[in-house]
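Inspection log for the structure reproduced underneath, given as structure tokens.
Residue numbers (our numbering): 26 to 562.
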């Protein structure tokens, strides 16, 4: 701005060419020029980060969003939208609360005046456990229950019972629990070929592991590199826990589009997946880590879904690229022990290449009147019972057990993938690397209608978007039901073709609206309404 004013100051503003302009109009033109240059700079920066097609798409969406907001301001339009949203929310609430599924048990909305008997409590618990229409033991559910074996459940329940009242916040009271937690971290580090100085922490799940890794790298950058406007770059397929972490800590998350055919990221990132949740594709960790290392930036590998499958791929006879601490530049890894480690839910490990980075994850307060306080993760008190259950699962299964599970489950995914590839109406997305296979439909067939048809057949597949797709995360329960899945997919497609108007509600409507609306506010309202419904009685 100052340079422009300096140049203009050399002109005689009384000259005939400027005579028709007053100072305010001249200032307006200067601002227009400045704004134009700012837009060009912003456009160029966006192209350099996202590429030309993605930048144009983003601009188009912004323009459409603006006009949609103008459209909503027309009297009566917002009321129509609200009416539609309210109708969807009522359907969601009715489906979630399911009054018919209460099995005759009265709602407990306040503490009973006199405590229930053990017999009554067990009766209610058993009925609550049997609620729901999806039979997860049939193997028709994507992910969720990764083992389900009765013997393992019995063993982990015993471990949980022994340490039911324990809390790792008090290592002096429960020293044995502290030892088991350290052993869980050590065993997991060993699987990921960690260097001598590597370390880690157990957390409540993959989301907390990722949040802790983002915090550690943020604190390191702020205190050692004086970074005041932090940002993070990752593929758009990275787990949404990174969105949550960056929102919590004020970090700008730059999401990079993926190749629509390979499912892989086109440009660099400082976070990558092994494998990603949507499509089960592994990012090029070696390339990303190399770029991160050359630029002095941390590199996190999200192996939460890869879990205890990826470390055993080679031993199970499958080819896989390097993704762990053997890759120079990798500074942290998250791994969910409660997925393919088959531990009870609420167990994960975040690992670091050195102790200094882990220190930036910790919270320490030395001036609290309640005493010196320190916490390794978000929580203060933590359930020691879950640590005991995780330790019991890992030590009982052992390497041979995990290798066999890897061979069986990945083999199941391969069989399902081949079956899907044989169906002309479907297309597999990318190159699945472990247990997940994602697929979309060939136009004009609506993939979300297929989802609704499969749900009616008892399947619990995962719904995806951008692009519209479905996936199944294979588990031990999936082994043996591959043919049933493929047959039901074929039958669902046949049903939709014969009755194209039959399946035009449910998932098809919800995700169709989400992808069609330039303004996501109505979809966000519906999603928040879903969360509200979870706490309705």
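For glycine and all other residues, C-beta sits at the position ideal for the given N, C-alpha and C.
For residue i, tell me which candidate among the options has the shortest Cα-Cα distance.
i, options, result
"residue 489", "464, 319 and 505", "464"
"residue 457", "196, 155, 299 and 106", "299"
"residue 505", "452, 557, 492 and 438", "438"
"residue 428", "337, 59 and 484", "337"
"residue 127", "144, 158, 216 and 113", "158"
"residue 304", "70, 86, 499 and 461", "461"
"residue 503", "153, 172, 385 and 84", "172"
"residue 248", "335, 385 and 106", "385"
"residue 521", "479, 557 and 498", "479"
"residue 167", "501, 512, 348 and 138", "501"
"residue 468", "518, 434, 487 and 347", "518"
"residue 352", "318, 123 and 142", "318"
"residue 378", "121, 221, 143 and 152", "221"
"residue 218", "348, 523 and 66", "348"
"residue 332", "212, 485 and 394", "212"
"residue 216", "424, 389, 473 and 369", "424"
"residue 273", "232, 250 and 301", "232"
"residue 330", "310, 301, 313 and 316", "301"
"residue 545", "415, 194 and 106", "106"
"residue 380", "401, 72 and 314", "401"
"residue 414", "72, 279, 447 and 181", "181"
Quick check on residue i - is its C-beta less than 8 Å from some C-beta in chain C?
i, result
"residue 305", "Given the protein chain composition of this structure (a single chain), no chain C is represented."
Beta-carbon within less than 7 Å of residue i's beta-carbon, same chain only, minus the 5 sequence neighbours each way: which residues are those?
i, result
"residue 296", "257, 259, 263, 267, 325 and 327"
"residue 110", "547, 550 and 551"
"residue 28", "With a pLDDT of only 48 at residue 28, under 50, the local geometry of the prediction cannot be trusted, and the value read off the model is given with reservation. Contacts found: none."
"residue 290", "In this predicted model, residue 290 has a pLDDT of only 44, less than 50, meaning its place in the structure is not dependable; the value taken from the coordinates is given anyway. Within the same chain, residue 290 has close Cβ partners 260, 281, 283 and 308."
"residue 450", "466, 467, 470 and 518"
Residues in its own chain within less than 6 Å of residue i by CB, not counting five upstream and five downstream?
i, result
"residue 410", "185, 188 and 189"
"residue 234", "228, 359, 373 and 375"
"residue 483", "165"
"residue 499", "434, 437, 438 and 460"
"residue 161", "170"
"residue 341", "428, 431 and 432"
Could you name the residues that DSSP lists as bridge partners for residue i?
i, result
"residue 390", "398"
"residue 248", "According to DSSP, residue 248 bridges with nothing at all."
"residue 464", "453 and 495"
"residue 257", "278"
"residue 586", "Residue 586 falls outside the range modelled here, since the chain spans only 26 to 562, and no answer is possible."
"residue 500", "None; residue 500 has no bridge partner."
"residue 489", "494"
"residue 358", "326 and 376"
"residue 306", "In the DSSP output, where bridge partners are listed per residue, residue 306 has none listed."
"residue 225", "376"
"residue 166", "485"
Between residue i and residue j, what straight-line distance do the alpha-carbon atoms span, to the nearest angstrom?
i, j, result
"residue 555", "residue 431", "35 Å"
"residue 98", "residue 89", "14 Å"
"residue 360", "residue 225", "11 Å"
"residue 223", "residue 355", "11 Å"
"residue 453", "residue 175", "34 Å"
"residue 560", "residue 87", "35 Å"
"residue 192", "residue 407", "6 Å"
"residue 387", "residue 136", "37 Å"
"residue 108", "residue 558", "18 Å"
"residue 200", "residue 207", "11 Å"
"residue 84", "residue 252", "29 Å"
"residue 509", "residue 470", "21 Å"
"residue 23", "residue 143", "Residue 23 lies beyond the stretch modelled for the chain, which goes from 26 to 562, so this question has no answer here."
"residue 494", "residue 269", "23 Å"
"residue 306", "residue 265", "16 Å"
"residue 271", "residue 250", "19 Å"
"residue 101", "residue 63", "38 Å"
"residue 183", "residue 403", "27 Å"
"residue 52", "residue 58", "10 Å"
"residue 392", "residue 81", "52 Å"
"residue 77", "residue 345", "32 Å"
"residue 405", "residue 515", "50 Å"
"residue 553", "residue 236", "22 Å"
With a threshold of 8 Å on Cβ separation, who are the neighbours of residue i within its own chain once the five nearest residues in sequence on each side are excluded?
i, result
"residue 132", "562"
"residue 382", "241, 242, 245, 323, 356 and 357"
"residue 155", "128"
"residue 371", "229, 230, 363, 408 and 411"
"residue 177", "367, 418, 421 and 422"
"residue 210", "224, 225, 226, 227, 374 and 376"
Inside the segment 90-136 only - alpha helix (DSSP H) runs reaching at least 4 residues
102-122
Where are the beta strand (DSSP E) runs, 3 residues long or more, that stay fully inside the segment 191-241, in chain order?
224-228
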